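Please read the structure below before turning to the comments.
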Amino acid sequence: MSTTNYLIRNARILGGEPQDIRVTDGVIAEIGAELAADGEQEIAADGLIALPGLVDLHTHLREPGREDAETVLSGTKAAAKGGFTAVHAMANTFPVADTAGVVEQVWRLGRESGYCDVQPIGAVTVGLEGKQLAELGAMADSAAQVRVFSDDGKCVDDAVIMRRALEYVKAFGGVVAQHAQEPRLTEGAQMNEGVVSGELGLAGWPAVAEESIIARDVLLAAHVGSRLHVCHLSTAGSVEIVRWAKSKGWDVTAEVTPHHLLLTDELVRSYDAVYKVNPPLRTEADVLALREALADGTIDIVATDHAPHPAEDKQCEWSAAAMGMVGLETALSVVQSAMVDTGLMDWAEVAERMSAKPAAISGIPGHGRPVSVGEPANLVLFDAQYRGAVNPDAFATRSRNTPYRGMDLPGRVVATFLRGDAKVLDGELV
Amino acid sequence: MKRHLISTADLTREDALLILDTTEQMAQVSARSVKKLPTLRGRTVVNLFFEDSTRTRTSFEVAEKRLSADVINFSAKGSSVSKGESLKDTALTLQAMGADAVVIRHSASGAPKLLADSDWLHGSVVNAGDGTHEHPTQALLDAFTMRRHLNPGVGHDLAGRRVTIVGDVLHSRVARSNVHLLHTLGAEVTLVAPPTLMPFGVETWPCQTSYDLDAALTKADAVMMLRVQRERMNAAFFPTQREYTRRYGLDARRLALMPEHALVMHPGPMVRGMEIESTIADSDRAVIVEQVANGVSVRMAVLYLLLGGSEPAITTSSANTSEETGK
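Right under this line is the structure:
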C-alpha cells in the first residue's frame with residue numbers, strides 16, 4: 000500500500016473538463032470539482048491531461064543477457080517516465096525466455112524494480128528457433144502467469160508450428176503475438192524495399208514478406224478458432240488484410256509502433272543506423288494508412304517495440320548495425336504528434352489504444368482500467384501543451400538509439416502513478 | 000568542388016565538367032616520361048580498403064604517387080562486420096595520424112557517407128566503391144573515355160549521346176554512379192537486364208530500361224557490359240550461365256547490330272564468356288584498357304580538386320606551382 004495519498008487538482012481526465020482526483024490507499028477514491036483536502040499531498044495539474052497508466056505490449060528489456068543495453072530496472076524507469084504502468088517484456092533475451100525459470104526471473108526482477116509492472120512474454124518455440132514448441136503451459140502456470148507468447152525478432156514461419164501454437168494456447172487463454180516476416184524474402188534485408196532501397200543499394204525488406212505471413216496467420220487463426228495478435232504492423236497492405244480478417248469476425252488484433260506512425264524510409268538516405276529497425280521504416284503512403292487504421296480501430300493498439308542497443312551497435316556501417324529503436328520515453332509524444340495534433344484521435348481514444356486495449360489483449364489484471372472511482376490509481380498526467388526538442392541524454396533507458404534526437408515533439412509526461420504511488424513527479428523519477 | 004566525393008548525384012554539371020577537363024590535363028602528365036607533379040607534396044592520402052580490389056587500389060595509388068602525395072595503404076579486410084576494429088576506431092586512428100584524404104572501399108553501402116558525415120575524421124573522403132551503392136570515380140573515368148571518343152574537347156558534355164548499360168544492374172555500384180553522372184552530362188542512358196536484376200523503383204531513375212538487348216544496341220553510342228557473378232544464379236536471378244549469355248551477353252552477332260562508331264566498355268573485372276565474348280573484349284571496338292589508363296588520370300583530377308583546390312594543376316614549369324595561383 001502506498002504511504003502517501005494524493006489530491007490531484009484540476010486534471011482533465013481524457014482531455015475533459017478539469018476535475019480533482021483523490022487517490023487514497025492506491026485507489027481512486029473520489030473524482031469531483033474542488034474536493035476538500037484531507038491531509039493528502041496536493042498535485043497541481045492545471046492544464047494537464049489525466050490518462051490511465053499506459054500499457055506496453057511490446058518491450059525489450061534485454062535482461063537477462065544484454066544488461067549493457069538495458070536492465071529490467073533501467074527499462075522500467077524509462078517506462079515510468081513515458082507514462083507506462085505496465086510493460087510486457089519480450090522473450091528474445093539470453094537465455095531466451097522459453098522456460099518457466101526465465102520468465103519467473105524476469106517477473107521477479109520486475110517486482111523488485113517497482114517502477115512499473117513487468118509481465119513477461121514467453122517464447123513460442125525453443126530458443127526462438129521456430130522448430131519445437133516451448134513449454135507454453137509451464138510458463139502459463141508459473142508465477143509469471145504468461146498469457147502472451149511471441150518469438151518476436153523472428154517469425155514463426157513454419158505453418159504447422161504456428162497452427163499448433165495458436166491451438167495449444169487456447170487451453171489457458173493465451174495469445175500468440177506474431178512477428179510477421181517471411182524469412183526467405185528478407186534474407187540480408189536492410190531496409191524497406193522501394194525506391195529508396197534501390198537508390199541506396201541496400202537489400203530490400205519487401206512489404207509482401209510481412210503481408211503474406213499475416214494473410215496466412217489470419218486464415219490459420221480462423222481455421223482453428225484461435226486468437227492472433229499481429230506485432231508491429233508496418234504496411235498499408237497489412238492494414239487491408241487485418242481489416243478483411245476483422246470484417247469476417249475473426250479474433251485478430253494488431254499493433255503499430257510510434258515510429259511507424261511518424262517516420263519514413265527517406266530517413267535512411269543518411270545511412271545513420273539509428274533509423275534501422277525491424278520491420279523497417281516504410282513509405283509516406285504506409286504511414287498515412289497506419290494512422291487511418293489506428294484511428295478507425297483496424298489497428299487496435301500502439302506498442303513501442305522499445306529496443307535498446309549500445310552505441311557501438313549503431314555507430315557503424317548500416318549493414319553491420321543492430322535493428323531497433325528505444326521508444327518508451329517518446330511514445331506518447333509521438334502519438335500526440337501523429338494522431339492527436341492531426342485531429343485523427345482524441346485523448347479518450349489514445350487511452351483506449353495505449354492502455355485499455357493492450358491490457359485486454361494481454362489479460363494483465365489491474366491495468367487499462369478507466370479513470371473512475373474504485374479503480375486502481377494507475378494514472379499518468381500529461382502536459383500536451385509542452386513543446387521541446389528530444390534530449391536523449393535525459394533518458395532513463397540505458398541506451399540512446401532514438402530516431403527523435405533533437406526533434407521537436409509535443410507533450411511531456413509530468414507524473415506517473417502506479418497503484419497510487421508516484422513513480423514520476425514533475426517529469427522526474429521519484 | 001565539394002570536400003568529399005561520395006556520389007555522382009552530388010556533382011553539378013559544372014563540377015563534372017571541371018573534373019573531366021582537369022582529367023585532360025592530368026592525362027598529359029601521364030603521357031610524359033616523368034609522370035609526376037608536386038601538387039600534393041606533404042599531403043597524406045590513405046587508401047582504406049575493407050574489400051579486396053587490387054585494380055581500384057592500384058589505380059588510386061598510382062594517381063596519388065603521380066601527385067607526390069604520401070600514400071598509406073590501410074588494408075582493413077575484416078571490418079567491424081567480421082569483428083575487427085570498428086569503422087569508427089579506424090577513422091579516429093587515421094585522423095590522429097593526420098590523413099588529409101581517405102579513399103575508402105567498403106562492402107557496406109553507405110560506409111563512405113557515414114565517414115564523411117561523422118566527426119571521426121576531418122579529411123576529404125573519396126568513395127572508391129561502397130557495396131551496391133556507388134563507384135563515382137569509375138563513372139567519371141567512363142564518362143571521360145566516352146567524351147574523348149564521342150564529343151572530344153574541353154568543356155564538352157555528352158548531350159544526346161546514347162549509352163546502354165547491360166547486366167547485373169541490381170548489384171552494380173557502377174551502374175548507379177553512371178546513371179547519375181551520364182544524366183547530368185546530358186546523355187541518354189538505357190539499362191538492360193533481366194527483370195530479376197533490375198533494382199526496385201528503377202522507373203524513377205533518370206534513364207530508360209529494357210529487357211531486350213538487341214533493340215537497345217542499334218542506336219547506342221556506347222555499350223557498357225557489367226560483370227555478372229556466377230553465384231547469382233544460385234539465388235535464382237537467372238537459370239543458367241548459358242541462358243544469361245544467350246539473352247544478355249555481347250557476342251559478334253550483337254556487335255554487328257551496333258553502329259560502327261559505338262564503343263564497347265567494361266568496368267572490369269570481366270567474366271569472359273559470360274557477359275562478353277572474349278574476341279570482342281580484345282577487339283578494336285573495345286576501349287576497356289583505355290578505361291583503365293583513364294582511371295589513373297581521373298583519380299588524379301579528383302584528388303587534386305579535393306585537396307589542391309585553387310591552384311592550377313599544371314603550370315608552365317611543373318616544379319613552380321606556388322607563384323601563379325588563383326583563378
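Line by line, the protein sequences are chains A and B. Per numbering that gives the first Met the number 0, the very first residue in the first sequence carries number 0; after that it's consecutive. Per numbering that gives the first Met the number 0, the very first residue in the second sequence carries number 0; after that it's consecutive. We put the CB at the ideal spot given by N, CA and C, even for glycine. All of these numbers come straight from a predicted model, not from anything done at the bench.
In chain order, Tyr270 make up the part of chain A whose C-beta sits under 7 Å from the C-beta of B:Lys112. Non-local C-beta neighbours of B:Gln94 in its own chain, meaning closer than 6 Å and more than five positions away in sequence, comprise Leu120, ordered along the chain. The beta carbon of A:Gly129 sits closer than 7 Å to the beta carbons of Asp150, Lys153, Val155, Asp156, Asp157 and Ile160 from its chain, once the five residues preceding and following it are set aside; these are given in chain order. In the structure shown, the three-state DSSP call for B:Phe49 is coil. Contacts between B:Val201 and chain A, judged by CB atoms closer than 8 Å, involve Gly197 in chain order. At a Cβ-Cβ threshold of 8 Å, A:Gln335 and A:Pro409 count as neighbours. The residues Pro205, Val207 and Ala208, in chain order, have a CB closer than 7 Å to that of A:Leu184 in the same chain once the five nearest residues on each side in sequence are set aside. Inter-segment contact for the stretch 42 to 59 of chain B and the stretch 289 to 305 of chain B is present: three or more beta-carbon pairs are separated by less than 8 Å. The beta carbons of A:Val276 and A:Met324 sit about 5 Å from each other, so the pair counts as a contact at 8 Å.
Counted as a single uninterrupted DSSP element, the alpha helix (DSSP H) harbouring B:Val291 occupies residues Ile287 to Leu302. Apart from the 5 residues on each side of it in sequence, A:Ala288 sits with its Cβ closer than 6 Å to the Cβ of Ala235 and Val238 in its chain, given in chain order.
Using a Cβ-Cβ distance cut-off of 8 Å, the stretch 149 to 159 of chain B and the stretch 169 to 179 of chain B are not in contact, since fewer than three pairs of beta carbons, one from each stretch, lie closer than that value. Taking 8 Å as the cut-off, the Cβ atoms of B:Asn177 and B:Ala138 count as close. By the criterion of at least three beta-carbon pairs nearer than 8 Å, the stretch 57 to 65 of chain A is not in contact with the stretch 34 to 42 of chain A. Within the stretch 198 to 231 of chain B, the runs of beta strand (DSSP E) at least 3 residues long that lie entirely inside it are, in chain order, 207 to 209 and 221 to 224. In the structure shown, B:His182 falls within a helical segment according to DSSP collapsed to helix, strand and coil. Look at B:Gly128 here: in three-state DSSP terms it is strand. Under the three-state reduction of DSSP output, A:Ala143 falls in the coil class, being neither helix nor strand. Residues of the same chain with a CB within less than 8 Å of the CB of A:Glu33, apart from the 5 flanking positions on each side, are Asp19 in chain order.
Close to B:Ser85, with beta-carbon spacing below 7 Å, are these residues of chain A in chain order: Glu311 and Cys315. Residue burial is scored here from C-beta neighbours: B:Val288 has fewer than 16 other C-beta atoms within 10 angstroms and is therefore classed as exposed. For B:Thr131, the nearest CB of chain A lies under 8 Å from its own CB, placing it at the interface with that chain.
For B:Arg31, no Cβ of chain A is located within less than 8 Å of the residue's own Cβ. Taking each of A:Arg215, A:Ala202 and A:Val194 in turn and checking the Cα distance to A:Glu186, the smallest one comes out for A:Ala202. DSSP places A:Arg226 in the coil class of the three-state scheme, outside both helix and strand. One alpha carbon belongs to A:Thr98, the other to A:Thr124, and they sit about 10 Å apart. For the stretch 178 to 209 of chain B, the set of positions with a beta-carbon nearer than 7 Å to some beta-carbon of chain A reads Pro198, Phe199, Gly200, Val201 and Thr203 in chain order. For A:Asp19, the enclosing beta strand (DSSP E) has its first and last residue at Pro17 to Thr23. Boundaries of the beta strand (DSSP E) harbouring B:Ser74: Asp69 to Ser74, taken from the DSSP string.
When the alpha-carbon of A:Leu280 is set against those of A:Val412, A:Tyr5 and A:Val255, the nearest one is in A:Val255. At a cut-off of 8 Å between beta-carbon atoms, B:Arg175 makes contact with chain A.
Ranked by Cα distance from A:His305, the first of A:Gln118, A:Leu232, A:Glu328 and A:Glu29 is A:Glu328.
Only residues of its own chain outside the window of five on either side were considered, and among them Leu60 have a CB closer than 6 Å to the CB of A:Gly74, listed in chain order. Where A:Phe83 is concerned, there is no enclosing alpha helix (DSSP H), although the beta strand (DSSP E) around it starts and stops at Phe83 to Ala88.
Counting along the chain, the unbroken beta strand (DSSP E) around A:Gln177 starts and ends at Val174 to Gln177. Taking a contact to require three or more Cβ pairs closer than 8 Å, the stretch 394 to 401 of chain A and the stretch 103 to 117 of chain B do not qualify as touching.
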